[in-house]
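Everything below concerns the one structure shown next.
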Amino acid sequence: MTDMLSIGASGVRAYQTALTTTSENIANAGTAGYSRRVAGTREVAAPSDGSNRVLNGLGVTISGITRASSDLQNAEVRAAGSDLARSEAGAVWLNRIEGALTGNKLDERLTAFFNAATSLSANPSASAPRATMLQAAASLASSFSATGAALDGALADLDQSADAMAGQLNSLTANLAKVNSALGRASQGTSSQAALLDERDRLLETMSAITDVSVSFDAAGRANVKAGGGGPVLVLGDQSAVATYARGPDGSVSFAVYGIDGSHALSPGGGALAGVAEGAARIADARSALDRIAVDLANGVNTVQAGGENLDGNAGAAMFSATGASDFKLVLDDPRGIAAAAPGGGERSNGNLAALATLRKDGKFEAGLTTLTTDNASALAARRSIAEVQSTIRSNAAAARDSITGVNVDEEAVDLIRFQQAYQASSRVIQVARETLQTLFDIR
29 MTDMLSIGAS GVRAYQTALT TTSENIANAG TAGYSRRVAG TREVAAPSDG SNRVLNGLGV
89 TISGITRASS DLQNAEVRAA GSDLARSEAG AVWLNRIEGA LTGNKLDERL TAFFNAATSL
149 SANPSASAPR ATMLQAAASL ASSFSATGAA LDGALADLDQ SADAMAGQLN SLTANLAKVN
209 SALGRASQGT SSQAALLDER DRLLETMSAI TDVSVSFDAA GRANVKAGGG GPVLVLGDQS
269 AVATYARGPD GSVSFAVYGI DGSHALSPGG GALAGVAEGA ARIADARSAL DRIAVDLANG
329 VNTVQAGGEN LDGNAGAAMF SATGASDFKL VLDDPRGIAA AAPGGGERSN GNLAALATLR
389 KDGKFEAGLT TLTTDNASAL AARRSIAEVQ STIRSNAAAA RDSITGVNVD EEAVDLIRFQ
449 QAYQASSRVI QVARETLQTL FDIR
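At position 127 of the sequence shown the residue is numbered 155 (my numbering), and the sequence of numbers has no breaks.
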């Protein structure tokens, strides 16, 4: 009878754990990052007494909590997510460049300036077309400076974003080191270990969206992480490194890792940091190209001005001042100062405006702006198309992983009923054993 009591009690304990595990699965069916758990059972075999007698078992026990997981599928999700994050981050900064180049209507105002000069050539002594041209020049200068400021602002925002990403990466590596430490103390096959492994994989997936990582695991499930394909060590056991961000005067960005094994440069090949590096290079290139157009235009117009005479018969003064787009300024404040006439041509001469028309043709300023804008737009469209494909790849990888780790509520409901019946049956065994013992006691 005592064997029956022991066997029944073991069943109650085992199936209570199984019911708890199944209930936890159902409760967390919609929890992101949760991996299904299974309470494994095994027979408690009776010890051999050295004879050939068949001995009855001593009940059932929980062999451990098994967590449904696939390191391969997790790695594929991380890789796909890293590629997608790079493309999405790159698209953000390409979109900022597009907004800067088109938002201030620089191309329209450049064309309006040259067209105003053409209109002035029809009546170079009239005050109205002179005022119109000077107003067009003022609008052009304002548009250049606003466009340059918008690109500068994009770089400043990029710096803040990159600093925040580096800080987030440092927080993730520090938290992963803590999880590793806890995994080293956790007992194998327990719910607490399964929860720690879920948190480990969640941290790794979030980390891979910032920079591509390569991961290895030890026997306790602790993750050792390197940035990129064998780059600097980010996490080693319970140690974590610190990542930093910097941008040079030429617009180039750099990342570094300090800590575990010294200081090393970090060259992200994926994740948002790689998109930031790409975005910084593109913003710097766009700003450099815009600065060249601004300086060449200002110098060209000023040269034309110096080669002609204004309405008062004096040599033309500089119209613009610029060392780049951001400080492009109109310095001519009197419409009479526009040097429309060729030297000695008189107030009705428009000979010098022909030189401005030649500058427009040979300088190809409008074409340069158009090329700059369309090239960026093409790069943005391509990046968005790539991101769409990568999003599908990432979704498929996540679906494949979730087919292994996800909770099927219907299956869990069936298990819940099965374990409940087993629990009730084990309770009945205990009850029968007690009743039988009581009957025997009553007979005596």
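Every residue, glycine too, gets a C-beta built ideally from N, C-alpha and C.
In this text, all values refer to a predicted model and were calculated from it rather than measured experimentally.
- Counting C-beta pairs with one atom in each stretch, the region 283-293 and the region 255-264 have three or more that are closer than 8 Å, which means they touch.
- The beta-carbon separation of A119 and A178, rounded to 17 Å, does not stay under the 8 Å limit for a contact.
- For the pair A255 and D240, the CB atoms are nearer than the 9 Å cut-off.
- L358 is bridged by DSSP to F348.
- A residue is called buried once 16 or more other Cβ atoms fall within 10 Å of its Cβ, and A415 is buried on that count.
- The Cβ neighbour count for Q452, taken over all protein chains shown within 10 Å, is under 16; the residue is labelled exposed.
- Taking G297 as the centre and dropping the five residues before and after it, the same chain places the C-beta of D240 and G256 closer than 6 Å to its C-beta, in chain order.
- The continuous alpha helix (DSSP H) containing G127 extends over residues D99 to G131.
- At a Cβ-Cβ threshold of 9 Å, L148 and A383 do not count as neighbours.
- Taking each of N330, A407 and T398 in turn and checking the Cα distance to T130, the smallest one comes out for T398.
- Note on the region 370-405: whole alpha helix (DSSP H) runs with a minimum of 4 residues are 379-391, in chain order.
- Within the same chain, M29, M32, L33 and G36 come within 7 Å of A461 by CB-CB distance, once the 5 residues on both sides are set aside.
- DSSP, read as helix, strand or coil, puts R250 in coil.
- Counting C-beta pairs with one atom in each stretch, the region 139-147 and the region 308-324 have fewer than three that are closer than 8 Å, which means they do not touch.
- Here T402 is exposed. Its C-beta has fewer than 16 other C-beta atoms within 10 Å.
- For S316, the closest alpha carbon among the candidates L162, G396, D340 and S291 is that of G396.
- Contact between R95 and S63 holds, with the beta-carbon distance rounding to 5 Å and staying under 8 Å.
- Where I90 is concerned, the enclosing beta strand (DSSP E) starts and stops at V88 to R95.
- In this chain, the alpha helix (DSSP H) harbouring A326 covers G299 to A334.
- In the structure shown, the three-state DSSP call for A284 is strand.
- Spatial neighbours of F245 in its own chain (CB-CB distance under 8 Å, excluding positions within 5 residues in sequence) are listed in chain order as D99, A251 and N252.
- Residue environment: I93 is assigned as buried (16 or more neighbouring CB atoms within 10 Å of its CB, all protein chains considered).
- Excluding residues up to 5 positions away in sequence, R315, L318, D319, A322, G352, A353, S354, D355 and F356 lie with their Cβ nearer than 8 Å to the Cβ of G176 in the same chain.
- A67 carries a strand assignment under DSSP once its states are collapsed to helix, strand and coil.
- F245 has A251 as its beta-bridge partners, per DSSP.
- Cβ-Cβ distances below 6 Å link T160 to A144 in the same chain, with the five nearest sequence neighbours on each side left out; the list follows chain order.
- Taking the Cβ atoms as the reference, L186 lies roughly 6 Å from A308, within the contact range of under 8 Å.
- Residue burial annotation: Q466 is exposed, with fewer than 16 other C-beta atoms found within 10 angstroms of its C-beta.
- Taking the C-beta atoms as reference points, E394 is found no nearer than 9 Å to G372.
- Beta-bridge pairing by DSSP links T272 to A284.
- In the DSSP assignment, A145 falls within the alpha helix (DSSP H) that extends over L134 to A150.
- Distance between A370 and N342, taken at the CA atoms: about 11 Å.
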